[in-house]
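In what follows, a single structure is set out as structure tokens and then discussed.
There are 2 protein chains.
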Amino acid sequence: MFQINENYLKLPGSYLFSTVGKKEREYAAANPNKKVIRLSIGDVTQPLAPVIIDALHGAVDEMGKAETFRGYGPDLGYEFLRTAIAENDYRARGCDIAADEIFISDGAKSDSGNIQEIFGPDNKIAVCDPVYPVYVDTNVMAGRTGVYDAARETWSDVIYMPCTQENGFAPLLPKQTPDIIYLCFPNNPTGSAVTKARLQEWVDYANKTGAVIIYDAAYEAYISEPDVPHSIYECRGARECAIELRSFSKNAGFTGTRLGFTVIPKEIKSGDISLHSLWARRHGTKFNGAPYIIQRAGEACYTAEGKAQLKEQIDYYMRNAKYISEGLKSAGYFVSGGVNAPYIWLKTPNQMSSWKFFDYLLETANVVGTPGSGFGPSGEGYFRLTAFGSYENTVEAIERIKKL
Amino acid sequence: MFQINENYLKLPGSYLFSTVGKKEREYAAANPNKKVIRLSIGDVTQPLAPVIIDALHGAVDEMGKAETFRGYGPDLGYEFLRTAIAENDYRARGCDIAADEIFISDGAKSDSGNIQEIFGPDNKIAVCDPVYPVYVDTNVMAGRTGVYDAARETWSDVIYMPCTQENGFAPLLPKQTPDIIYLCFPNNPTGSAVTKARLQEWVDYANKTGAVIIYDAAYEAYISEPDVPHSIYECRGARECAIELRSFSKNAGFTGTRLGFTVIPKEIKSGDISLHSLWARRHGTKFNGAPYIIQRAGEACYTAEGKAQLKEQIDYYMRNAKYISEGLKSAGYFVSGGVNAPYIWLKTPNQMSSWKFFDYLLETANVVGTPGSGFGPSGEGYFRLTAFGSYENTVEAIERIKKL
Numbered sequence: 074m075f076q077i078n079e080n081y082l083k084l085p086g087s088y089l090f091s092t093v094g095k096k097e098r099e100y101a102a103a104n105p106n107k108k109v110i111r112l113s114i115g116d117v118t119q120p121l122a123p124v125i126i127d128a129l130h131g132a133v134d135e136m137g138k139a140e141t142f143r144g145y146g147p148d149l150g151y152e153f154l155r156t157a158i159a160e161n162d163y164r165a166r167g168c169d170i171a172a173d174e175i176f177i178s179d180g181a182k183s184d185s186g187n188i189q190e191i192f193g194p195d196n197k198i199a200v201c202d203p204v205y206p207v208y209v210d211t212n213v214m215a216g217r218t219g220v221y222d223a224a225r226e227t228w229s230d231v232i233y234m235p236c237t238q239e240n241g242f243a244p245l246l247p248k249q250t251p252d253i254i255y256l257c258f259p260n261n262p263t264g265s266a267v268t269k270a271r272l273q274e275w276v277d278y279a280n281k282t283g284a285v286i287i288y289d290a291a292y293e294a295y296i297s298e299p300d301v302p303h304s305i306y307e308c309r310g311a312r313e314c315a316i317e318l319r320s321f322s323k324n325a326g327f328t329g330t331r332l333g334f335t336v337i338p339k340e341i342k343s344g345d346i347s348l349h350s351l352w353a354r355r356h357g358t359k360f361n362g363a364p365y366i367i368q369r370a371g372e373a374c375y376t377a378e379g380k381a382q383l384k385e386q387i388d389y390y391m392r393n394a395k396y397i398s399e400g401l402k403s404a405g406y407f408v409s410g411g412v413n414a415p416y417i418w419l420k421t422p423n424q425m426s427s428w429k430f431f432d433y434l435l436e437t438a439n440v441v442g443t444p445g446s447g448f449g450p451s452g453e454g455y456f457r458l459t460a461f462g463s464y465e466n467t468v469e470a471i472e473r474i475k476k477l
Numbered sequence: 074m075f076q077i078n079e080n081y082l083k084l085p086g087s088y089l090f091s092t093v094g095k096k097e098r099e100y101a102a103a104n105p106n107k108k109v110i111r112l113s114i115g116d117v118t119q120p121l122a123p124v125i126i127d128a129l130h131g132a133v134d135e136m137g138k139a140e141t142f143r144g145y146g147p148d149l150g151y152e153f154l155r156t157a158i159a160e161n162d163y164r165a166r167g168c169d170i171a172a173d174e175i176f177i178s179d180g181a182k183s184d185s186g187n188i189q190e191i192f193g194p195d196n197k198i199a200v201c202d203p204v205y206p207v208y209v210d211t212n213v214m215a216g217r218t219g220v221y222d223a224a225r226e227t228w229s230d231v232i233y234m235p236c237t238q239e240n241g242f243a244p245l246l247p248k249q250t251p252d253i254i255y256l257c258f259p260n261n262p263t264g265s266a267v268t269k270a271r272l273q274e275w276v277d278y279a280n281k282t283g284a285v286i287i288y289d290a291a292y293e294a295y296i297s298e299p300d301v302p303h304s305i306y307e308c309r310g311a312r313e314c315a316i317e318l319r320s321f322s323k324n325a326g327f328t329g330t331r332l333g334f335t336v337i338p339k340e341i342k343s344g345d346i347s348l349h350s351l352w353a354r355r356h357g358t359k360f361n362g363a364p365y366i367i368q369r370a371g372e373a374c375y376t377a378e379g380k381a382q383l384k385e386q387i388d389y390y391m392r393n394a395k396y397i398s399e400g401l402k403s404a405g406y407f408v409s410g411g412v413n414a415p416y417i418w419l420k421t422p423n424q425m426s427s428w429k430f431f432d433y434l435l436e437t438a439n440v441v442g443t444p445g446s447g448f449g450p451s452g453e454g455y456f457r458l459t460a461f462g463s464y465e466n467t468v469e470a471i472e473r474i475k476k477l
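Residue numbers (our numbering), protein chains in the order written: chain A, 74 to 477; chain B, 74 to 477.
Right, here's the structure in full:
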């Protein structure tokens, strides 16, 4: 008789965004005359840039002709894309990353979920609190997180690193020593970023303790301040301890087009075994590459035209971020984020709980956001708004909130 | 200090197709005047059908306009594609499969590698011998296969089901009872198929013993005989015990375009827990859907025009299969497969080993095939040729072999 993976049963049932969606639908059904504006979504809304559309059409035409048709691609990604990434995302920023240390994938969600597989069962993970749920949930599925405390909404074997107003929403080095440290900067959900000097402390800590950092840089394109690093490899010693996850989703609007990559420098080793070789084996065994036409679209992002068009998109979203941030501040809210990230993290007024403020905002301003407590216990009393809506809707939502 | 997944180190190092490629390149470099023909590849060569190209262009245009742009899609796949599959691949064949039992993915390699994750560590797997290496390797990575015997090239905790000339390359029910049974029909590498009556025996056996069948039907479009089932759900009771894996790679030439799906009927349960719910959770946590434009391409395969164009492609490859099969038979070879599958499985002459025949064929006929022993010990003394080349090259290769 077959047996299931019992770890799956430990996962808490309800999911943040499904609850948000359900409440929104119920409100809209009960109030058909109200125009509800969603500043809750972490999904882009601007169409793909013209240079990407052209690249897609060109690659589709190639697939229709025998002489240019492409079957199975290289498991680890096409050389043209890996080279463009190494050159533009890394060497241009002074980071020493080679094309063959870059693994093309179908997106950072897959990579951030699958990467834990190359580690043994007894590693202790450390995560920020609040945090993107995939890091923890995939370790739960692998049996690495111990027992769930439903009241505190934490796992016994996970090290939580609170990100609070006191520490500027950047975690302090943990007291207990972890084996694997998940960091995401610019951060989802808080929108916070760290300076290169602060990130260097994490790299030094990891090298001192023998930990690996899994660095999620999915939002690096939104960085506007010069002392904030776009890659962890801007720090000394990161080649010895850091894996970096990247995505085309938010940088180039690929949420529905699916493309990302993971960087594993060859120096990260346990004894003689490099993590690079393990991930290559995983990729080669359980994955068959991203579609050729999508990889050509990725390549187009690195042309001069592509860079210009994508900068325009980022600027569009960051104009929204600025509008939200300044509007809320002028209305007396405590607000962080929105400067190096498309997320605005606000403190609820009058010590309302995150969910209470959700209901209040939905009912009085007809604006939907995301309760901070849904991302972890330290998110309680906070609320996330995103800059991914249209400018017109964003302005209208903020004007409504200002009038409350 | 982080620890790696030690199971990865158990995987034998060399990989069949890399050795084949290396030998081919070395021969070509040493003999630049010889025209080497590859009948070794399991990759398609015909361009995507016009109806698919049109669908891709149409979907790309949608992504370029704000009003039709698509961001994150449903984790489990777009309804338009799941409905087309349920209707055309299942209900049209009398199989009772609902759209919400179909999970769209980026291909059958990912699914066949990932599916083992929803099962516990102590399940015993049974595989055909010879076999597609991914089934076993991914169970090795999960620590489910015991100790490797390098001399026999087998794992202590895996049940091998030999597929030999004596049993018509269709396995007998195993003596030891497995928990998870991997079956692939039409088969890679042997090209064999089973009748519905024979497959029914497997379904009955699984239901009697409480085993799950993971049924890989990636080659179903190549079936030409009426009593060979296209889906395991043509069998009674399969909804209680069988997961089916499907691919657009060989049916529609998507090897470089990446699309597949897995079917899990809601009845397959362990206690109260359905495998459907576990796979949904895995999909939702570690995957973010296949690209929208690729799913539209998949949908186009099910139009009347799409079906006609894809039938032409299959016919093209199966004309090659027939030419190979008949040519080898006329030259005195024992040959199977090639009737319901694009693979021809031949017995090496004079009891040559698979690798010895590989060298012989490369050196005397300048034809590259795949040694059967690379797929498992029972493949020793056999050799795989594929029908995926061009017709002209296929004819030339067979004429050369006939002259030996």
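Beta carbons: idealized from backbone N, C-alpha and C, even for Gly.
For A/S403, the nearest beta carbon of chain B is not closer than 8 Å to its own beta carbon. Per DSSP, the continuous alpha helix (DSSP H) segment holding A/D184 begins and ends at A181 to N187. Around the beta-carbon of A/V220, fewer than 16 other beta-carbon atoms lie within 10 Å, marking it exposed. Judged by DSSP secondary structure, A/I337 falls outside any beta strand (DSSP E); it is assigned neither H nor E.
Taking a contact to require three or more Cβ pairs closer than 8 Å, the segment 295-313 of chain A and the segment 153-168 of chain A qualify as touching. Taking the C-beta atoms as reference points, A/A315 is found no nearer than 8 Å to A/I296.
Residue ranges of uninterrupted alpha helix (DSSP H) with 4 or more members, entirely inside the segment 186-226 of chain A and ordered along the chain, are 206-214. Two segments are said to touch when three or more pairs of C-beta atoms, one from each, lie closer than 8 Å; by this definition the segment 111-122 of chain B does not touch the segment 137-155 of chain B. Residue burial annotation: A/D345 is exposed, with fewer than 16 other C-beta atoms found within 10 angstroms of its C-beta. Across the segment 343-369 of chain A, CB contacts with chain B closer than 9 Å involve S343, G344, I346, L348, S350, L351, R354, R355, G357, T358, K359, F360, N361, G362, A363, P364, Y365, I366 and I367, in sequence order along the chain.
The Cβ neighbour count for A/Q386, taken over all protein chains shown within 10 Å, is at least 16; the residue is labelled buried. Per DSSP, reduced to three states, the secondary structure at B/F75 is coil, with no helix or strand assignment. Scanning the segment 417-472 of chain A from its first residue to its last, the whole alpha helix (DSSP H) runs of 4-plus residues come out as 427-438. Listed by position along chain B, the residues whose Cβ is nearer than 7 Å to that of A/N324 form an empty set, because the closest Cβ is around 14 Å away. For B/A270, the enclosing alpha helix (DSSP H) stretches over residues K269 to T282. Taking 7 Å as the Cβ-Cβ cut-off, the segment 325-338 of chain B approaches chain A at T328, G329, T330 and R331, given in chain order.
Scanning the segment 238-266 of chain B for uninterrupted beta strand (DSSP E) segments of 3 residues or longer gives 253-257, listed from N- to C-terminal end. Scanning B/Y365, B/Y88 and B/G241 for the CA closest to the CA of B/V207 turns up B/Y88. Proximity of chain A to B/H130 at the Cβ level (cut-off 7 Å) is accounted for by H130 and V133, in chain order. Inclusion of A/T328 and A/I188 in the CB contact set at 8 Å is not warranted, their separation being larger than that value. Within chain B, the residues whose beta carbon sits less than 9 Å from that of A/D252 are M74, F75 and Q76, listed in sequence order. Among the residues of chain A, those whose CB is under 8 Å from the CB of B/N187 are K359, following chain order. Pairwise C-beta distances place the segment 170-185 of chain A in contact with the segment 346-364 of chain A, as three or more of them are shorter than 8 Å.
Sequence-distant partners of B/Y100 (beyond 5 residues in either direction) whose C-beta falls short of 6 Å from its own C-beta, in its chain, are L435.
The three-state reading of DSSP puts B/S297 in coil, since its state is none of H, G, I, E or B. Neighbourhood of B/E190 in chain A, by CB distance below 8 Å: N78 and M214, in chain order. Per the DSSP secondary-structure output, A/M234 pairs in a beta bridge with A/C201. For the options A/Y396, A/G131, A/A103 and A/D210, the alpha carbon positioned closest to that of A/Y81 is the one of A/D210. Scanning B/S463, B/N280, B/D202 and B/E307 for the CA closest to the CA of B/P262 turns up B/D202. Comparing alpha-carbon positions, the option among A/P302, A/R369, A/D222 and A/V408 lying closest to B/V133 turns out to be A/R369.
8 Å or more divides the Cβ of B/E399 from the Cβ of B/S427. With a 10 Å radius around the Cβ and a threshold of 16 neighbouring Cβ atoms, A/A102 comes out exposed. For A/E313, no beta strand (DSSP E) segment is defined, and its DSSP state is neither H nor E. Between B/G333 and B/R355 a beta carbon distance of about 15 Å is seen, past the 8 Å cut, so the two are scored as non-contacting. The Cβ of B/K138 sits closer than 8 Å to at least one Cβ of chain A. Excluding its 5 nearest sequence neighbours in each direction, B/I471 has C-beta neighbours in its own chain below 8 Å: Y396, I397, G400 and L401, listed in chain order.
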